[in-house]
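Here is the structure we will look at, set down as structure tokens.
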Amino acid sequence: MTVEIKEIIKTLEKMERRQDEIIPKTREMIRDCSNGIKLLHAGKAKEAKECIERVRAGIRKLKGKGKHDCLFERMFQQTYQEFTEAVVLLAVIEKKEIPGYKEMGVPFEAYLLGLCDCVGEFRREMLEELKKGNKKRAEYYFDVMSDIYDSLIPIRFSGSLLPNFRRKQDVARMQVEQARSELLRFLK
Numbered sequence: 110m111t112v113e114i115k116e117i118i119k120t121l122e123k124m125e126r127r128q129d130e131i132i133p134k135t136r137e138m139i140r141d142c143s144n145g146i147k148l149l150h151a152g153k154a155k156e157a158k159e160c161i162e163r164v165r166a167g168i169r170k171l172k173g174k175g176k177h178d179c180l181f182e183r184m185f186q187q188t189y190q191e192f193t194e195a196v197v198l199l200a201v202i203e204k205k206e207i208p209g210y211k212e213m214g215v216p217f218e219a220y221l222l223g224l225c226d227c228v229g230e231f232r233r234e235m236l237e238e239l240k241k242g243n244k245k246r247a248e249y250y251f252d253v254m255s256d257i258y259d260s261l262i263p264i265r266f267s268g269s270l271l272p273n274f275r276r277k278q279d280v281a282r283m284q285v286e287q288a289r290s291e292l293l294r295f296l297k
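Residue numbers (our numbering): 110 to 297.
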């Protein structure tokens, strides 16, 4: 084998070891985000914050060790997306300002996808409030989901720049339309 091929093999072996280290950690962080979202829906904000903070710390730790470079950015996309969803849901439930992607320390692509997913979480909260007969709180969640969707409308770029965004944008639109219909039915 040539020297270059041996170098390539060493590089790939190193990358594979790093990948094997990172994958279980990202899975754990995604589980924590999912559990945090479930806890938020259950009205357990304190426990949800603990899950979210574990993820925040995990992201910082991996970045701090230099284990998180551009070669592995795609491995973190789902983690960042779920993290965005959990953090934004928490902020809205607590009636705080929605943090931006820079403040959260996530790439804007994952942030946009996470925002799209949040629309469904807010619809779920809206429906729960309607079941309880809490019209004002239901309208609050509808307004948030509608505002998020409206802010995403101008984003029209190729799937090569924003993979999966158009589909998620369309799903968010359908959820807003369904929520509007559900809210109007309740208000009659």
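All C-beta atoms, glycine included, are put in the ideal place defined by N, C-alpha and C. Everything numeric in this text was worked out from a predicted model, so none of it was measured.
Inter-residue distance for VAL228 and GLU212 is about 20 Å (C-alpha atoms, whole angstroms). Under the three-state reduction of DSSP output, PHE266 falls in the coil class, being neither helix nor strand. Scanning the segment 210–270 from its first residue to its last, the whole alpha helix (DSSP H) runs of 4-plus residues come out as 210–213, 217–241, 244–261. In this structure, CYS225 places its C-beta atom within 8 Å of the C-beta atom of LYS277. Beyond the five residues adjoining it in sequence on each side, LEU236 comes within less than 7 Å, by CB distance, of GLU291 in the same chain, given in chain order.
Within the same chain, and ignoring the five residues on either side of VAL196 in sequence, the residues whose Cβ sits closer than 7 Å to its Cβ are ILE161, PRO208, MET213. For GLU218 against LEU271, the beta-carbon gap comes to about 6 Å, under 8 Å, which counts as contact. In this structure, CYS142 places its C-beta atom within 8 Å of the C-beta atom of GLU191. The C-beta of VAL285 has 16 or more other C-beta atoms within 10 Å across all chains shown, which makes the residue buried. Put simply, of ARG233, VAL253, GLN287, ILE257 the residue whose alpha carbon is nearest the alpha carbon of GLY152 is ARG233.
Within the segment 158–204, the alpha helix (DSSP H) runs of at least 4 residues that lie entirely inside it are, in chain order, 182–202. Nearest Cα to ARG163 within the set ARG140, ARG183, HIS150, LEU149: ARG140. Boundaries of the alpha helix (DSSP H) harbouring ASN144: 112–150, taken from the DSSP string.
Taking 8 Å as the cut-off, the Cβ atoms of TYR258 and ARG294 do not count as close.
Cβ neighbours of LYS170 within its own chain (closer than 8 Å, five residues either side excluded): none. The criterion of a C-beta distance shorter than 8 Å is satisfied by LEU222 and PHE274.
The criterion of a C-beta distance shorter than 8 Å is satisfied by VAL253 and VAL201.
Shown here, GLU206 sits in coil according to DSSP, grouped into three states, outside any helix or strand.
By the neighbour-count criterion, in which a residue is buried when 16 or more other Cβ atoms sit within 10 angstroms of its Cβ, LEU199 is buried.
Put simply, the backbone Cα of MET184 is about 12 Å away from that of GLU130.
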